[in-house]
Structure formats: C-alpha cells, structure tokens
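Residue numbers (UniProt numbering): 1 to 226. C-beta: ideal position from N, C-alpha, C; glycine also. Note that the structure is predicted; figures quoted are calculated from it, not measured. Heads up, the thing below is written out as structure tokens.
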C-alpha cells in the first residue's frame, strides 16, 4: 500500500513510518521541515503545512504511478514542556483545521481517496465518562484541556465526511514496546484507572489492524496494552 502521513516527525509518526516501510509499504510524509526526516527507500518527503489543502493535494498526487491508499494523521498538540499542566504552543484548532483540509483534498482526488486513520485519544467524545475522575478534571483544566477541545471539535468533521474513517482513541502513551494491544470497545468500558500503551503498540495497531486489516472502519477503538 501507499500511505500519506501527517505528523511523521513526531514520536508516534516516526514509528508508523518505520513499521510501514518494514512491512513493504510506500510512505509519503508531508512535513514542515524535510530535513527532520532521514531519506530512505520508499519514503517520499514533501515540504508543506498540514492545514493547507493545496500542500496536501500536492502530496496526494506526488506519485501518480503508485496512487495513495490511505491517509494517516498522527499529529499532536505541542506544549511548552512535557507536563500536561503546561501551555500549548500549537494553533488552538490545529487538528480540526488539518482534518478539514485533508478531507477536502482527499475528496478532490480522481478517483477520491477514501481511507482516513487518525490517532485520537481516550477521553474524547463519548469516551470521556469512562476516564478515571482525576483525569477528567485534567481534561477540563490546564494545558491538556485545549488539545482535547480540538479533538472533540474534529470528531463531527470526520464523522460527517463520508470517508472510511477510523479515530484510534489511544490511552496515555509511553516508550514501551509493542506488547499485547487490547481494544476496550469504542468508549473504553472496563478499561481501569490508569491505562497505558507503548507508542510502538499504537503504531502497530494503526498499520496492522486499521490499514492492512481494514478493521474499525467508521469506528473509535479505545486501545491500551493488555
């Protein structure tokens, strides 16, 4: 398959690229700074902004001999520090504006590209009631709350897009390996108090289950390490 990834220079995005390439896929990465990725076979690096429909359209049509199969969005809000209490320095509607631009660009292709996979978060939308209450407080206050507002705003945009979409609701990520991934439905019922998952596991789920397996179309799987 041939995928376009946005957010390919982030910690999860780099792992998605690595796993996709290792499994024989071709990857096009739209990034602000091409020098932030190391050139390698089957990786096409294109400079551009994730919120620019024109830049996305350029990336989508960059390889006419091997048309794209899917778009993966692995963007994340950037904060001043790693602390969830710190202020976000990303545009307040980065994810929402990106999805609007991506969806418009995908639909404008001939033929249209229909598969869209986004890394979202547990606690977004109807999964929020299943988050342990101290974390729910954090989601409504402090720096992390702005990112969740953005994710909440993008959900109806994606749901009403008419595409074959998946919003992967990941729990808190760490640097652990793949491990076993368990899906806790689409809202997170029975997930426990402080679930975690390794970034490699998230990347693996996106590539193996959602992209290659074609699972969770029009779904919001909540994932954690078992």
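For residue 177, DSSP assigns no beta-bridge partner whatsoever. For residue 100, the enclosing alpha helix (DSSP H) has its first and last residue at 94-108.
Comparing alpha-carbon positions, the option among 54, 127, 76, 113 lying closest to residue 189 turns out to be 127. In the assembly as shown, residue 194 is an exposed residue. Its beta-carbon has fewer than 16 other beta-carbons within 10 Å. The alpha-carbon separation between residue 75 and residue 111 amounts to approximately 26 Å. For residue 168, the enclosing beta strand (DSSP E) begins and ends at 164-170. A Cβ-Cβ separation of about 17 Å leaves residue 150 out of contact with residue 116 under the 8 Å criterion. In this structure, the straight-line span from the alpha carbon of residue 160 to that of residue 219 is close to 13 Å. Contact between residue 167 and residue 108 fails: their C-beta atoms lie close to 22 Å from each other, not under 8 Å.
130 is the residue among 130, 113, 148 whose C-alpha sits nearest the C-alpha of residue 185.
Cβ contact annotation for residue 11 (same chain, cutoff 6 Å, sequence separation greater than five): 199, in chain order.
Counting only residues of its own chain and dropping the five nearest sequence neighbours on each side, residue 217 has a CB closer than 6 Å to the CB of 164. Looking at 5, 172, 209, the one whose alpha-carbon comes closest to that of residue 98 is 5. For residue 225, the pairing in a beta bridge is given by DSSP as 181. For residue 63 and residue 16, the gap between their C-alpha atoms comes out near 20 Å. Per the C-alpha coordinates, the member of 122, 175, 20, 28 positioned closest to residue 209 is 20. For residue 27, the enclosing beta strand (DSSP E) covers residues 26-31. Taken through DSSP and simplified to helix, strand or coil, residue 68 comes out as coil. Residue 5: member of the beta strand (DSSP E) spanning 2-6, first to last residue.
Rounded to whole angstroms, the gap between the alpha carbons of residue 13 and residue 36 is 12 Å. Straight through space, the alpha carbons of residue 162 and residue 224 are spaced by roughly 28 Å.
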